[in-house]
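Each remark here refers to the structure printed beneath this line.
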Amino acid sequence: MANEIPPINPQKTVDPNSAFWSAHFKKNWGYYTLTLILIISNLYWFIDNKTVATKADREIDGNKQKTEDSTRSLLLKSAEHKLRLTMQTFAWAVRAAVIRQNKDEIDQYFTELVKNPEVVEVFLVEESSKIIAVASNKKHEKMRFTELYDSSYLSRNEVTFDLKNRQYFLSAPLMSLDKRLGTLFLIVENDSKAKAFPEDKN
């Protein structure tokens, strides 16, 4: 047999760039590991900080809403207290004029009262007929009160206060010693520009 020539193993060609980077990473693996840890930790810090900031913003918004609600409630109570006192005092004056049957005096009271720009309207309602006997708006005189507003205002036995559609509705009974003479009804405009109160107390 002829002598066989053993196959020659071809030498593997090595990419110099690959060899360079491989050696580089082996030499500097600690640096790259530390860099990766720093990137991950910073990313975690950023996400965590963003979550905390979002939670804090929600808490601030919630506290702000609570403060606004509390302020509205306090302002509403203050307005109610002052208007109740005013209505009670006004009712005493009108009651005296009703007992004297002095309609001109009552009309003069109403005329002066509605000069205040916040006062919308004021009525004196007769007890027996439920007719508006005197009104600051003359077109409402001789009308039945129930054509305009809830009849429950005519049966309440104390000064009442409601807030509806940015208006205060107050009623007060006019009492003699032994009977009810009528009902005083007042509408006062709320300051809608200030937006200090809720739309409707009910």
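Be aware that the sequence shown starts at 245, since it is given in our numbering, and climbs by one per residue. Glycine included, each C-beta is placed from N, C-alpha and C at the ideal position.
Name the one or two DSSP bridge partners that Ala-335 has.
-> For the purposes of this step, residue 335 is taken as the residue at position 91 of the sequence shown. None; Ala-335 has no bridge partner.
How about Phe-202 and Phe-354: are their beta carbons less than 7 Å apart?
-> The chain is shown only over 245 to 446; residue 202 falls outside these bounds and no answer can be derived.
Rank Ser-322, Ser-399 and Lys-347 by C-alpha distance to the C-alpha of Glu-371 and give the top, closest one.
-> Along the sequence shown, read from residue 1 onward, the residue named residue 371 stands at position 127. The option with the nearest alpha carbon to Glu-371 is Ser-399.
Determine the burial state of Ala-379: buried for a count of at least 16 other Cβ atoms within 10 Å of its Cβ, exposed for fewer.
-> On the sequence shown, position 135 is the one that residue 379 refers to. The residue in question, Ala-379, is buried, as its Cβ has 16 or more Cβ neighbours within 10 Å.
Buried or exposed: where does Ser-322 fall if 16 or more other Cβ atoms within 10 Å of its Cβ makes it buried?
-> To locate residue 322, count along the sequence shown from 1; it is residue 78. Flag for Ser-322 reads exposed.
Per DSSP, Glu-385 is paired with what?
-> For the purposes of this step, residue 385 is identified with residue 141 of the sequence shown, where counting begins at 1. According to DSSP, which records beta bridges pairwise, Glu-385 is partnered with nothing at all.
Nearest to Lys-374 by CA position, among Leu-282, Met-387 and Asp-348, is which residue?
-> Taking the sequence shown and counting its residues from 1, the one referred to as residue 374 is at position 130. The residue with the shortest Cα to Cα distance from Lys-374 is Met-387.
Taking the CB atoms as reference points, tell me whether Glu-362 and Val-432 lie closer together than 7 Å.
-> If you number the sequence shown from 1, residue 362 lands on position 118. If you number the sequence shown from 1, residue 432 lands on position 188. In contact: Glu-362 and Val-432 (Cβ atoms closer than 7 Å).
Have a look at the DSSP bridge pairing and note the partners of Pro-417.
-> Within the sequence shown, the letter at position 173 stands for residue 417. According to DSSP, which records beta bridges pairwise, Pro-417 is partnered with Thr-427.
Assign Ala-416 to buried or exposed, taking buried as 16 or more other Cβ atoms, counted over all protein chains shown, within 10 Å of its Cβ.
-> On the sequence shown, residue 416 is found 172 positions in, with the first residue counted as 1. Classification for Ala-416: buried.
Through-space distance from Leu-280 to Asn-293, alpha-carbon basis = Against the sequence shown, residue 293 aligns to sequence position 49. Against the sequence shown, residue 280 aligns to sequence position 36. Rounded to the nearest angstrom, the two C-alpha atoms are 20 Å apart.
Report yes if the CB atom of Thr-427 is closer than 7 Å to the CB atom of Val-369, and no otherwise.
-> Counting from one through the sequence shown, the residue named residue 427 turns up at place 183. Counting from one through the sequence shown, the residue named residue 369 turns up at place 125. Yes.
Report back the beta-carbon spacing between Leu-414 and Leu-357 to the nearest angstrom; my notes put them in contact at under 8 Å.
-> Counting from one through the sequence shown, the residue named residue 414 turns up at place 170. Counting from one through the sequence shown, the residue named residue 357 turns up at place 113. In fact, because the Cβ distance is near 12 Å, the residues do not count as touching under 8 Å.
Grab me the residues of Val-403's own chain with a C-beta within less than 6 Å of its C-beta, minus the 5 sequence neighbours each way, in chain order.
-> Mapped onto the sequence shown, residue 403 falls at position 159. Around Val-403: Arg-328, Met-331, Gln-332 and Ala-416.
Determine whether the Cβ of Val-363 lies closer than 7 Å to any Cβ atom of chain C.
-> You won't find chain C in this structure, because it holds only one protein chain.
Secondary structure at Glu-402, three-state DSSP: helix, strand or coil?
-> In the sequence shown, counting from the first residue as 1, residue 402 sits at position 158. DSSP places Glu-402 in coil when its eight states are reduced to three.
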